[in-house]
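Residue numbers (my numbering), protein chains in the order written: chain S, 23 to 127; chain F, 14 to 572.
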């Protein structure tokens, strides 16, 4: 199970906090939530800090959202990327594809 | 479409079975039986309570009849005194004068003799005189008892010996009379008076009297034959009284009056009288209501059971359909995997495809081995993200596209680059990771290109490690370029390609799974290839994992 929540930061960036397992069961909901954020904000940060697992469908969802952002001239950033997630992105050749922001803490 | 009729037939037979099961289950709770049971119990209880109330009412009636009859008997006993009183008065006067005085007697008794209901028909005065009883005076109609006759003398004599008056029935023509005689033994006077009993012997009693609410028959003496009947309020032809009756004796002159009564109307309270009917009607109504309610409940329960069964049936059918669908997908998937692996000289090849755990969500994992030319062969292992028939379709597309490019003489990186233009995740929802390779069996040289796929494991004598490959983007993101890597397989070495189902666990980092694969393979390095693959799958396959697994292993044999 994955949970999503969205906050709009002072600088106008939408932050979608994602927690739990970003897998095939959560992918559709995740896409809906972030897609809505992309509709509201020109820039969306996906906070992956509390994500415990990402499968290929979860990665696919991130890729789809990135492609949609590109086609709408919006910005999509990944934020709070854990070492495990970073490893997964490198393993799948996607680390260069996403704009990954360093943790602010 | 040859499968359609058999499928319909199958579903139809399922329905019939479910219907039969419902019919069997409905048996024990059939509404009619429950209603019949309630009806029998309800009617039995109604009859019992109504009968009990009726018995109670009857007992009450008997008790009340007894009480009222005793009151009536008390009234009746005073009648004897009332009758005796004028006779006593006449006697007292005669005793005072000392000798028989006819005119005094006639004056005294005059008012008491006549044709009125309370009057004597006749009265006469007698006096004992030296063993004989002679008449002194007479008043009213002719005497029924002639005092001079032997019977008359005996009657008068009886009076003289009795401390009370004496009484006797006398028939005069059509008329029945009661003859009373009262004597004063000291003076020897005897007064004889006769009273008529009404012709039909019926006397209507006053509603206020003690006889109200009673039918009664009064007999002179202890016998209750018609001949002894004195008065009654009913037609003598209807005697004796029927139903609940009560009998009592009242001292009367020198004998008794027998009083027999029955209630002329209900003596107890109306509630007591109506209670049996109220209970009967109320009980029947309650029975009917209970039966209806029970029928409703039984039907509701039966409906609920039917619904539950229907839902269970549906679930079972859905499960069955899922299973069928899954079987179909697995067959489809297997059909898309190579039926025959080409024979490559000096290379042993082993492959496995394991479907994920329960559910129809089959994955899109695949492998291929392709004979390219005399020296070279190509191979591919790939994984389409997501599950389901769409993923399998994308897999088929990717597999045959890559195969075509590789057969056509493209290098692995060229094949991947061309493929990257063919797939778009925004269009077909799926992303593909894959490794394509071309090997030369003579030299053991292998060229690999990787589109986001986990690296292959190279097993050489004494060393087990992942091949270090540059990783390009998965297919589906858009046009991408790929960097090839070349490695040489020594004789006896093994290259193991796989999909992420083999190493991925939800609860741990991917590195942990990759290290586990190394640990499992290391001791098996020299095992026969088929046994090695089987052991790897046995050790690493998570029975509950939803993801499917494809494994392709190449071993370069010694020349």
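Ideal Cβ placement from N, Cα and C applies to all residues, glycine included.
Does the Cβ-Cβ distance between residue 140 of chain F and residue 165 of chain F come in under 9 Å?
Cβ atoms of residue 140 of chain F and residue 165 of chain F: not closer than 9 Å.
Buried or exposed for residue 463 of chain F, going by 16 or more other Cβ atoms inside 10 Å?
The residue is buried, with at least 16 neighbouring Cβ atoms inside 10 Å.
For residue 265 of chain F, is the classification buried or exposed, using 16 other Cβ atoms within 10 angstroms of its Cβ as the cut-off for buried?
That one is buried.
Which residues share a DSSP beta bridge with residue 36 of chain S?
Answer by DSSP bridge pairing, in chain order: S:30 and S:66.
Find the residues of chain F that neighbour residue 34 of chain S, judging by a C-beta separation of less than 8 Å, and give them in chain order.
Neighbours of residue 34 of chain S on chain F: none; closest Cβ ~26 Å, over 8 Å.
When the Cβ atoms of the stretch 193-205 of chain F are set against those of the stretch 100-109 of chain F, are three or more pairs found closer than 8 Å?
Touching, yes, given that three or more Cβ pairs across the two stretches are closer than 8 Å.
Assign residue 487 of chain F to one of three DSSP states: helix, strand, or coil.
Residue 487 of chain F falls in the coil class under three-state DSSP.
Going by DSSP, name the residue or residues bridged to residue 508 of chain F.
Answer by DSSP bridge pairing, in chain order: F:471 and F:567.
Count the other CB atoms, across all protein chains shown, that sit within 10 Å of the CB of residue 64 of chain F; report buried if there are 16 or more and exposed otherwise.
Classification of residue 64 of chain F: exposed, given that the 10 Å Cβ count is below 16.
List the whole-angstrom C-beta distance separating residue 112 of chain S from residue 484 of chain F, where the pair is believed to meet the contact cut-off of C-beta under 8 Å.
Confirmed, about 7 Å.
Using only CA atoms, which one of F:461, F:46, F:207 and F:225 lies nearest to residue 392 of chain F?
Considering only alpha carbons, the answer is F:461.
So which of F:305, F:282, F:82 and F:289 has the shortest CA-CA distance to residue 52 of chain F?
Selected option, being the one with the closest Cα: F:305.
Out of S:122, S:85 and S:66, which one is the CA nearest neighbour of residue 104 of chain S?
Considering only alpha carbons, the answer is S:122.
Beta-carbon of residue 70 of chain S versus every beta-carbon of chain F: anything under 9 Å?
With 9 Å as the cut-off, residue 70 of chain S does not count as an interface residue toward chain F.
From F:297, F:510, F:205 and F:187, pick the residue whose C-alpha is nearest to that of residue 119 of chain F; which is it?
Checking every option, the nearest Cα to that of residue 119 of chain F belongs to F:205.
Out of F:88, F:230, F:312 and F:260, state which residue places its alpha-carbon closest to the alpha-carbon of residue 47 of chain F.
Answer by Cα proximity: F:312.
Please report whether the beta-carbon of residue 62 of chain S lies at a distance below 9 Å from any beta-carbon of chain F.
Answer no: the Cβ-Cβ gap between residue 62 of chain S and chain F never drops below 9 Å.
From the beta carbon of residue 503 of chain F, is the nearest beta carbon of chain S less than 9 Å away?
Judged by the 9 Å Cβ criterion, residue 503 of chain F is not in contact with chain S.
Name the DSSP beta bridge partners of residue 260 of chain F, please?
In DSSP, residue 260 of chain F forms a bridge with F:273.
Given a limit of 9 Å on CB to CB distance, which residues of the stretch 112-123 of chain S reach chain F?
Here the close residues are 112, 113, 114, 115, 116, 117, 118 and 119.
Closer than 7 Å, Cβ to any Cβ of chain S: which residues of the stretch 437-448 of chain F, in chain order?
For the stretch 437-448 of chain F, which is checked against every Cβ of chain S, the residues closer than 7 Å are 438, 439, 443, 444 and 446.
For residue 137 of chain F, which residues does DSSP report across the bridge?
Bridge partners of residue 137 of chain F: F:151 and F:205.
Assuming contact is defined by CB atoms lying nearer than 9 Å, are residue 471 of chain F and residue 511 of chain F in contact in what I supplied?
Cβ distance not < 9 Å, so residue 471 of chain F and residue 511 of chain F don't count as in contact.
On the three-state DSSP scale, how would you describe residue 228 of chain F?
Residue state, collapsed to three classes: strand.
Please work out which residues of its chain come closer than 8 Å, Cβ to Cβ, to residue 117 of chain F, disregarding the five sequence neighbours upstream and downstream, and give them in chain order.
Result list for residue 117 of chain F: 106, 107 and 110, in chain order.
Cutting at 8 Å between CB atoms, please list the residues of its own chain near residue 343 of chain F, excluding the five before and the five after it.
368 and 375.
Using 9 Å as the limit for Cβ to Cβ distance, is residue 51 of chain S near chain F?
So, not an interface residue.
Based on Cα-Cα distance, which residue from F:339, F:506, F:450 and F:142 lies nearest to residue 477 of chain F?
Checking every option, the nearest Cα to that of residue 477 of chain F belongs to F:506.
Determine, for residue 95 of chain S, whether the minimum Cβ-Cβ distance to residues of chain F falls below 9 Å.
For residue 95 of chain S, the answer is no, since every Cβ of chain F falls outside 9 Å of its Cβ.
Is it true that the stretch 276-290 of chain F meets the stretch 63-80 of chain F, where meeting means three or more beta-carbon pairs spaced less than 8 Å apart?
Counting Cβ pairs under 8 Å, three or more are found: they touch.
By DSSP, does residue 38 of chain F sit in helix, in strand, or in coil?
Low per-residue confidence applies at residue 38 of chain F: pLDDT is 47, beneath 50, and the placement is therefore not dependable, though the value from the model is reported in the following sentence. Note: residue 38 of chain F maps to helix in three-state DSSP.
Do we get a CB-CB distance below 9 Å when we pair residue 517 of chain F with the residues of chain S?
Chain S contact via Cβ: present.
What residues from the stretch 543-561 of chain F come within 7 Å of chain S, judged by C-beta to C-beta, listed N to C?
Answer in chain order: no residues at all.
Identify the contact partners of residue 28 of chain S in chain F, using a Cβ-Cβ distance below 9 Å as the criterion.
Simply none; closest approach about 23 Å.
For chain F, is any of its Cβ atoms less than 9 Å away from the one on residue 31 of chain S?
No, because no Cβ of chain F sits closer than 9 Å to the Cβ of residue 31 of chain S.
Are residue 55 of chain S and residue 98 of chain S close, meaning C-beta to C-beta below 9 Å?
Against a cut-off of 9 Å, the Cβ pair of residue 98 of chain S and residue 55 of chain S comes out as no contact.
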